[in-house]
Structure formats: C-alpha cells, structure tokens
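**Student:**
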Amino acid sequence: MDNKILKFNKQFVEERRYEQFITSKYPDRKIAIVSCMDTRLVELLPAALGFKNGDIKIIKNAGGTITNPFDSTMRSLLVAIYELGVEWIMVIGHTNCGVQGMDSKRMIQHMTERGITDEKIGMMRYCGIDLEQWLHGFDDTKSAVLETVDLISHHPLIPADVKVKGFIMDSTTGELEEL
Numbered sequence: 030m031d032n033k034i035l036k037f038n039k040q041f042v043e044e045r046r047y048e049q050f051i052t053s054k055y056p057d058r059k060i061a062i063v064s065c066m067d068t069r070l071v072e073l074l075p076a077a078l079g080f081k082n083g084d085i086k087i088i089k090n091a092g093g094t095i096t097n098p099f100d101s102t103m104r105s106l107l108v109a110i111y112e113l114g115v116e117w118i119m120v121i122g123h124t125n126c127g128v129q130g131m132d133s134k135r136m137i138q139h140m141t142e143r144g145i146t147d148e149k150i151g152m153m154r155y156c157g158i159d160l161e162q163w164l165h166g167f168d169d170t171k172s173a174v175l176e177t178v179d180l181i182s183h184h185p186l187i188p189a190d191v192k193v194k195g196f197i198m199d200s201t202t203g204e205l206e207e208l
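If you count the sequence shown from 1, position 13 lands on 42 in the numbering used here, and the numbers rise without skipping.
(1) How would you label Met-66, buried or exposed, when you count the other beta carbons within 10 angstroms and need 16 or more for buried?
(2) Would you decide whether Phe-167 is buried or exposed? Buried here means 16 or more other CB atoms lie within 10 Å of its CB.
(3) Does DSSP put Asn-38 in a helix, in a strand, or in coil?
(4) May I ask you to list the residues that DSSP assigns as paired with Gln-227?
(5) Given this structure, state the Cα-to-Cα distance separating Leu-106 from Val-174, to the nearest angstrom.
(6) With a floor of 4 residues, list each alpha helix (DSSP H) that falls wholly inside the stretch 72 to 96, ordered by position along the chain.
(7) Output yes or no for whether 8 Å exceeds the beta carbon distance between Ile-118 and Val-191.
(8) Beta-carbon separation of Thr-141 and Asp-132 under 8 Å?
(9) Could you spell out the range, first to last residue, of the beta strand (DSSP E) harbouring Ser-64?
(10) For Thr-201, count neighbouring C-beta atoms within 10 Å of its own C-beta (all shown protein chains included) and say buried if the count is 16 or more, exposed if not.
(11) Given the structure, does Met-198 come close to the ligand MN, in the sense that its CB is under 7 Å from one of the ligand's heavy atoms?
(12) Put Lys-192 into one of helix, strand or coil per three-state DSSP.
(13) Rounded to a whole number of angstroms, what is the C-alpha to C-alpha distance between Ala-76 and Asn-82?
(14) Short of 6 Å in beta carbon distance, which residues of its chain neighbour Val-120, apart from the five on each side in sequence? Order them along the chain.
(15) Please state the DSSP three-state secondary structure of His-123.
(16) Give me the Cβ distance between Ile-10 and Thr-124, rounded to the nearest whole Å; I'm assuming they're in contact under 8 Å.
(17) When we look at the beta-carbon of Val-71 and count the other beta-carbons within 10 Å, is it buried (16 or more) or exposed?
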C-alpha cells in the first residue's frame, strides 16, 4: 500500500474532515443502485443524479449486472431491502463498459501469464466452475441491464412492492437513459 494513502488518511482524521460525511446506515432516499465498478462513475454517478452521502446504497461489481440469483450482489440487495429499508432498486449500466465484449479465454491466458497454473485452473473446473462462462462479459449493455432487472424483479425473495428499473448512463456526461 502506498504510504501517501496512510499519510493522507491520518491528516484527514486529524483535521476532522470526516464530519461532513456523517450519516446513518439507512439510505435517506430508500434507493439501492446496482452499477459498475468503472472508475469514471465513482463521482460522476452520484453527482449526475443529485445524490449525497447518506442518500443511497451503491452496490458495484464488474459490469453492474447480476448473473447468478444467489451471488453477493443479490445478497446485498436483500440486506438493503430487509435490514435498511430500501424500496427502489436502480440498475445502472453505462456506455463503453469494459465488461462489454470481455473475452474469458483471453483473461484465462492472462492468468497463466501471471503464474496461475493449469492445475489450479483445472481445479476450478473440477469443482464445477465453468471459467469461460463465469468470466465472460456481455455483448450488449442494454440487454445485460434488462436481464438483471428481470432477475431482480422475479427473484423469489424480492417483495412485490419494491420497484426495479434499468438505466444506462453516459460515462462521459452522466446523462441517464431509462430503459
């Protein structure tokens, strides 16, 4: 870890700059957002939608999609609904996403180049993990967002009164398109 990070943090705390961020764990706007971990969205997404600290829950992953109804993103949504009072879920994809068109075979090749042995990759397959499918990206952002909205909306543990909608954000301007 970079010592600059720790030095900055120490100064941040000493100067009590955290005070402007103090809020509760409950989202004031009762909204959870599932979105991509893309660096362009870190500040752009909340700024473009007028959200401040404490307004929403943001759950981020590669691609901003849910591919398995029992993954950690879905678990986080259930916690947000049942423990934190979320009533509305926004699934926000974005333009020029790195997961769109991602090639799983190329990623596995990168793994072997970085020292992951064929034995370890084989062990994953032996355990029933289809690495090519698991690491595969999506071809179309709009379709991926709509599939995630459908998965959430029809999940057996999501109550009928929770609203779920899909959107695509322009990763440069922050413009939001409702799907």
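We treat Cβ as the ideally placed atom computed from N, Cα and C, and that holds for glycine.
Here the structure is a predicted model, which is why all the values come from computation and not from measurement.
**Tutor:** According to the structure shown:
(1) exposed
(2) buried
(3) helix
(4) The chain is shown from 30 up to 208; residue 227 falls before or after that span and cannot be answered.
(5) 16 Å
(6) none
(7) yes
(8) no
(9) 60 to 65
(10) exposed
(11) With respect to the ligand MN, the structure shown offers nothing to examine, as it has no ligands at all.
(12) strand
(13) 11 Å
(14) Val-63, Val-174, Thr-177, Val-178, Gly-195
(15) strand
(16) Nothing about residue 10 can be read from this structure; the chain reaches only from 30 to 208.
(17) exposed
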